[in-house]
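In this note's numbering, the protein residues as written are 75 to 520.
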């Protein structure tokens, strides 16, 4: 805590889960000192007043059960390790409202401290100064809905499959089929960047006339997120290429371009930014070290992500249903008066998950992406879109999964392919105990 008589100014609260063989309070002080004024010994000019004004303060230390995981390499200390959730308060004056410099403080050298056998940043509480510098999403939920012509209901999308290998002409044909089926959103896969087989410029040339003709016929133009991920000095030109052709969305892989690259693009964008999180697992998957989604998503939203991947229930990746639902809730939570970012549900999504997902999340302000769940439908991609729409429309109206199944031949065929519908009650049970049920075989990914 701050010394008696010291008034703290604006500050950032950072919450960690740590494990250490040191006394917990001592370990917390080591962390606070290392990441603010400290070194391993007190030095000249390190006055009591300086430490009171600029040292990070330990706000809380709460012991939690140890998970028994192997400690990080190089960990020191004897005795039984103890695990804790601790919160530090960092004076904003140490780094200012700058995300790169914030990260140096709250997620810098601390991961290398020998005193800790586990150390993970799991949450942040940021002061208003950050929203004064960072504009956040420029389109968000409302702008995205307006551009794709979907004022209500779940936004249904898909990913081009196969991920790579389609010629631009084959891509155009697939996009036409999906648009005719009523899809709201299509995106490049994160693996499809600017390769020689289907360069970005050629994909734009092939896709946009198809979407424009569809818009001329129907008055609605599905949103296509072209993957413009590249070096920072190419992002603006790639964005301009898409916008000049009439495109309404661009996609970047946030861990690859970095938060600074995302923010650079956001200051220049004329269309929503679809924020993919490929590579985020390297930061988050280990319970022993890294950055959790609740903390990271705040930085991505501040940097301008209009859409942000959260994964979806029954996914093919490591996250439990409980973790996914927490990620969706985190993205939906208000952040410094920024426009709301759209949570993007992906990975193994198909029509049979709609009722369980909606019952758990309670909103249709979602972009639900199904890759194999649409393209792997036994009657083709158009029927896959139809099955998704039928299921989600039923869920949002308050209908039962059984009624939706009886009313939709496309949904019945999806069940034949992907397995039984996920019932809301099974999701509630799994989420309460942090478990994920076995996944039906054959389901595609996103």
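Beta carbons are placed, not taken as given, at the ideal position from N, Cα and C, and that holds for glycine. These numbers were taken from a predicted model, which means no experiment stands behind them.
Flag residue i as yes when its Cβ comes closer than 7 Å to any non-hydrogen atom of the ligand NAP, and as no otherwise.
| i | result |
| --- | --- |
| residue 241 | The ligand NAP is not part of the structure shown, which contains no ligands of any sort. |
For residue i and residue j, what's the separation of their Cα atoms in angstroms?
| i | j | result |
| --- | --- | --- |
| residue 95 | residue 135 | 15 Å |
| residue 244 | residue 234 | 11 Å |
| residue 353 | residue 203 | 29 Å |
| residue 179 | residue 190 | 17 Å |
| residue 357 | residue 475 | 37 Å |
| residue 279 | residue 199 | 44 Å |
| residue 110 | residue 195 | 16 Å |
| residue 114 | residue 197 | With a pLDDT of 47 at residue 114, under the threshold of 50, the modelled position of this residue cannot be trusted; read the value that follows with caution. Rounded to the nearest angstrom, the two C-alpha atoms are 27 Å apart. |
| residue 384 | residue 391 | 11 Å |
| residue 483 | residue 347 | 35 Å |
| residue 161 | residue 211 | 28 Å |
| residue 101 | residue 163 | 15 Å |
| residue 518 | residue 449 | Reliability of the predicted coordinates at residue 518 is poor, the pLDDT of 40 falling under 50, and the value obtained from them is presented with this limitation in mind. Between residue 518 and residue 449, the C-alpha separation is close to 8 Å. |
| residue 396 | residue 291 | 43 Å |
| residue 523 | residue 97 | Summary: the structure shown does not reach residue 523, with the chain confined to residues 75 through 520, and so no result is reported for it. |
| residue 414 | residue 139 | 35 Å |
| residue 341 | residue 418 | 22 Å |
| residue 130 | residue 175 | 15 Å |
| residue 215 | residue 435 | 16 Å |
For residue i, count the other beta carbons within 10 Å of its own beta carbon; 16 or more makes it buried, fewer makes it exposed. Which is it?
| i | result |
| --- | --- |
| residue 150 | exposed |
| residue 439 | buried |
| residue 555 | Because the chain spans 75 through 520 in this model, residue 555 falls outside it and cannot be assessed. |
| residue 141 | exposed |
| residue 85 | buried |
| residue 515 | Any reading at residue 515 must be qualified, since the residue scores a pLDDT of 31, below 50, and its modelled position is unreliable; the value itself is stated next. With fewer than 16 other Cβ atoms within 10 Å, it is exposed. |
| residue 168 | buried |
| residue 334 | exposed |
| residue 270 | exposed |
Can you give the beta carbon distance from residue i to residue j, rounded, assuming they're within the 8 Å contact cut?
| i | j | result |
| --- | --- | --- |
| residue 337 | residue 208 | 7 Å |
| residue 103 | residue 184 | Between residue 184 and residue 103 the Cβ distance is about 13 Å, and since that is not below 8 Å, they are no contact. |
| residue 92 | residue 255 | Their Cβ separation, rounded to whole angstroms, is 50 Å, which puts residue 92 and residue 255 out of contact at 8 Å. |
| residue 442 | residue 299 | Between residue 299 and residue 442 the Cβ distance is about 14 Å, and since that is not below 8 Å, they are no contact. |
Excluding the five sequence neighbours on either side, which residues of its own chain have a C-beta within less than 8 Å of the C-beta of residue i, listed in chain order?
| i | result |
| --- | --- |
| residue 187 | 104, 105, 108 and 193 |
| residue 285 | 249, 253, 295, 296, 298 and 320 |
| residue 456 | 251, 252, 254 and 255 |
Within its chain, find whatever has a CB closer than 7 Å to the CB of residue i; leave out the 5 residues flanking it on each side and keep chain order.
| i | result |
| --- | --- |
| residue 152 | 95 |
| residue 477 | 468 |
| residue 274 | 268, 300, 302, 312 and 315 |
| residue 246 | 280, 281 and 284 |
| residue 231 | 257, 258, 259, 260, 261, 441, 442 and 443 |
If you drop the 5 nearest sequence neighbours on each side, which residues of the same chain put their C-beta closer than 6 Å to that of residue i?
| i | result |
| --- | --- |
| residue 159 | 91, 136 and 138 |
| residue 133 | 161 and 163 |
Taking contact to mean 3 or more Cβ pairs, one atom from each stretch, closer than 8 Å, check whether the region 213–223 and the region 287–300 are in contact. They touch, by the three-pair rule.
Taking contact to mean at least 3 C-beta pairs separated by less than 8 Å, is the region 455–473 in contact with the region 387–404? Under the Cβ criterion (8 Å, minimum of three pairs), the region 455–473 does not count as touching the region 387–404.
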